[in-house]
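Undergrad: In our numbering, the protein residues as written are 114 to 560. Quick one: structure below, then a few questions.
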Amino acid sequence: MREYLLTLCVTAAVTYLLTGPVRKFAIAAGAMPEIRARDVHREPTPRLGGIAMFGGLCAGLLVAAHLSNLKSVFELSNEPRALLSGAGLIWLLGVLDDKWGVDALVKLGGQMIAAGVMVLQGLTILWIPVPGVGPVSLTPMQGTLLTVALVVITINAVNFVDGLDGLASGMVCIAAAAFFMYTYRIWFGYGLEAAAPATLFAAVLMGMCLGFLPHNMHPARIFMGDSGSMLIGLVLAAGAISVTGQLDPDALSLFVGSERAAVHATVPVYIPLLLPLTVIAVPVADLLLAIVRRTWNGQSPFAADRGHLHHRLLEIGHSHSRAVLIMYFWSALIAFGTVAYSVHSASVWILLVIVALSAVGLVLLLLPRFTPRAPRWAEAFVPPRYRRRKSVVVALAGGAGGPGVGGTAEGAGIGEQREPVPAGLHGATAIGDRSRFPHTRKISSPR
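In structure tokens:
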């Protein structure tokens, strides 16, 4: 575990330190596209954040290759090299798209090529464990098609959800954390070393996202762009493919009887193909809804619009930060709930907790105007918008020292905001009663 934490920290540190210089390079290179109709931000923001994330990926794999317990992953498996090859291709395609723009079909072809390169180097699905049947071997063609499909779906799911500051990187980080817990348990809990590459990929992916998040939280100073969103999507897919179809089915019989009984009994633990999809359930749902919506409207499935889940959260009244946190909540609930169910599938309490948290999530969705307030002792540690405020209605008087028409209200307390005085309200004084003076404005100031 310590070596995984070291790899994660190195990846996060390199990504964080590289993001600042990459931002300056993106500005100098002109990788700051104009504001589009579907964009949420209001100022041109540099892209190419994927350059820093790719640097963090290379640094993490390089450090892991020299650690005593993790270097065996590189010696016994070709999967890290396959990941690096596919990541390099998809990252280069994303950089070209961030700077000059690439046609959607060209990007789709590039994604398939990157997935094919990983397949050629051994990162592919070889068999699928089916409940009650046992491991079903796949032909090379079937394994290749299933691998490419999973990679393309995951990449585009992450790319589609990258619409708000910190949304894609945070959701993928949550998914990677859940996936790390799942694969780490398979490796050390059951002694299956074939899960080691997927565990390493999850740790590196968490580091990439954590290192980039401080620069990408609202208001973002830089976007990851397609060079980043497609990259982290590919890394997440690579981990899912590794743990799904690379484990030796005979190894399962070491701890649960026969091979068929092993797969049947450990389906809640193994969850062969469900977990990779559940950890990105929200992005995949957004992707499917977007395809259906655009096709129904007679548009191309790759045509951009403002109908994504995060856009809908903004339309019903949620703030930018609240919309992101709600998406985080649902992603964590689905991903960690699946992992918890895989550990204790017979526990009723897990299902009850998931149902209760789902109810809490639905309540949060129905309260877009609700603003939580931190307790007084915690006000110094939270952003100003979560601190308790007292309402102050500025006295709009035109007496001594009062402003003229169109001036600013004088006499506001220290730290209170000065507001323009609407014409025709000179000499009027309002203290706490806005119904009598509908043109007065309520000003909030910290206590």
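Note that CB positions come from ideal geometry on N, CA and C, so glycine has one too.
Have a look at the DSSP bridge pairing and note the partners of Ile241.
TA: Position 128 of the sequence shown, counted from the start, is the residue given in the question as residue 241. In the DSSP output, where bridge partners are listed per residue, Ile241 has Val249.
Undergrad: Between which residues of its own chain and Ile287 is the CB-CB distance below 7 Å, once the five residues before and five after are set aside?
TA: Translated into positions along the sequence shown, residue 287 becomes position 174. Counting only Cβ-Cβ distances below 7 Å, and skipping sequence neighbours, we find Tyr441, Ser444, Ala445, Ala448.
Undergrad: CA-CA distance, Gly520 and Glu156?
TA: Numbered from 1 along the sequence shown, position 407 holds the residue referred to as residue 520. Numbered from 1 along the sequence shown, position 43 holds the residue referred to as residue 156. Its pLDDT being 39, under 50, Gly520 is placed unreliably in this model, and the value from its coordinates should be taken loosely. Approximately 29 Å, taken between the alpha carbons.
Undergrad: Return the CA-CA distance between Leu323 and Tyr297, expressed in angstroms with no decimal places.
TA: As a first step, residue 323 is located in the sequence shown; it is residue number 210 there, counting from the start. As a first step, residue 297 is located in the sequence shown; it is residue number 184 there, counting from the start. When rounded, the distance between both Cα atoms is 19 Å.
Undergrad: Can you list, in chain order, the residues of its chain whose CB lies under 6 Å from that of Val356, leaving out five sequence neighbours each side?
TA: In the sequence shown, the residue the question calls residue 356 occupies position 243. For Val356, where only same-chain residues beyond five positions count, the Cβ hits under 6 Å are Thr296, Ala308, Ala311.
Undergrad: For Ile335, which three-state DSSP category applies?
TA: Locating residue 335 in the sequence shown gives position 222, where the first residue counts as 1. Ile335 falls in the coil class under three-state DSSP.
Undergrad: Sort Ser340, Ala125, Leu118, Tyr117 by Cα distance to Leu326 and report the nearest one.
TA: Your numbering for residue 326 matches position 213 in the sequence shown. Looking at the Cα atoms, Ala125 is the closest of the given residues.
Undergrad: Of all the options Trp213, Ile203, Met337, which has the alpha carbon lying nearest to the alpha carbon of Thr128?
TA: Within the sequence shown, the letter at position 15 stands for residue 128. It is Met337.
Undergrad: Hey, out of Ala144, Leu180, Leu233, Thr132, whose CA is closest to Val261's CA?
TA: Start at 1 with the first residue of the sequence shown, and residue 261 comes out as number 148. Out of Ala144, Leu180, Leu233, Thr132, Leu233 has the C-alpha closest to the C-alpha of Val261.
Undergrad: Assign Lys220 to buried or exposed, taking buried as 16 or more other Cβ atoms, counted over all protein chains shown, within 10 Å of its Cβ.
TA: Residue 220 sits at position 107 when you count from the first residue of the sequence shown. Burial call: buried.
Undergrad: For Glu306, name the three-state secondary structure that DSSP assigns.
TA: Within the sequence shown, numbered from 1, the residue matching residue 306 stands at position 193. In this structure, Glu306 counts as helix in the three-state DSSP scheme.
Undergrad: Taking the alpha-carbon of Ile335 as reference, which of Cys122, Val135, Arg115, Thr120 has the nearest alpha-carbon?
TA: Position 222 of the sequence shown, counted from the start, is the residue given in the question as residue 335. The residue with the shortest Cα to Cα distance from Ile335 is Val135.
Undergrad: Measuring alpha carbon to alpha carbon, tell me which residue in Ala436, Ile299, His328 is nearest Ala452.
TA: Numbered from 1 along the sequence shown, position 339 holds the residue referred to as residue 452. Note that residue 452 corresponds to Val in the displayed sequence, not to Ala. Among Ala436, Ile299, His328, the Cα nearest to that of Val452 is on Ile299.
Undergrad: Would you kindly work out how many angstroms separate the C-alpha atoms of Met254 and Leu400, rounded to a whole number?
TA: Translated into the one-based positions of the sequence shown, residue 254 becomes position 141. Translated into the one-based positions of the sequence shown, residue 400 becomes position 287. Whole-angstrom Cα-Cα distance: 26 Å.
Undergrad: Measure the alpha-carbon distance for Thr252 versus Phe292 and round it to whole angstroms.
TA: The sequence position of residue 252 within the sequence shown is 139, counting from 1. The sequence position of residue 292 within the sequence shown is 179, counting from 1. In a straight line, the C-alpha of Thr252 is about 27 Å away from that of Phe292.
Undergrad: Thinking C-alpha only, which one of Ala289, Asn272, Ala141 is nearest Ala403?
TA: Taking the first residue of the sequence shown as 1, we reach residue 403 at position 290. Of Ala289, Asn272, Ala141, the residue nearest in Cα terms is Asn272.
Undergrad: At the level of alpha carbons, what is the spacing between Ser413 and Arg407?
TA: As a working note, residue 413 is residue 300 in the sequence shown. As a working note, residue 407 is residue 294 in the sequence shown. Whole-angstrom Cα-Cα distance: 6 Å.
Undergrad: State the Cα-Cα distance for the pair Ala202 and Leu438, rounded to the nearest angstrom.
TA: The residue you call residue 202 lines up with position 89 of the sequence shown. The residue you call residue 438 lines up with position 325 of the sequence shown. It is Leu, not Ala, that sits at residue 202 in the sequence shown. Cα-Cα distance, rounded: 32 Å.
Undergrad: Output the distance between the C-alpha atoms of Gly133 and Met225, rounded to the nearest integer angstrom.
TA: Residue 133 sits at position 20 when you count from the first residue of the sequence shown. Residue 225 sits at position 112 when you count from the first residue of the sequence shown. Each residue's Cα considered, the two are about 31 Å apart.
Undergrad: Out of Gly256, His331, Ser342, point me to the one whose CA is closest to Ile164's CA.
TA: Here residue 164 corresponds to residue number 51 of the sequence shown, with the count starting at 1. Cα-wise, what sits closest to Ile164 is Ser342.
Undergrad: From what residue to what residue does the alpha helix (DSSP H) around Ile287 run?
TA: By one-based count along the sequence shown, residue 287 stands at place 174. Taken as a continuous stretch (DSSP letters only), the alpha helix (DSSP H) holding Ile287 covers 280 to 297.
Undergrad: Check Leu438 in the structure and name its three-state DSSP category.
TA: Numbered from its first residue, the sequence shown carries residue 438 at position 325. In the structure shown, Leu438 sits in a helix (DSSP, three-state: H, G or I).
Undergrad: With distance defined between alpha-carbon atoms, name the residue in Leu305, Thr120, Lys212 nearest to Gly143.
TA: For the purposes of this step, residue 143 is identified with residue 30 of the sequence shown, where counting begins at 1. For Gly143, the nearest C-alpha among the options comes from Lys212.
Undergrad: Between which two residues does the alpha helix (DSSP H) carrying Gln234 extend?
TA: Here residue 234 refers to the residue found at position 121 when the sequence shown is read from its first residue. Element bounds for Gln234: n/a, residue is neither H nor E.
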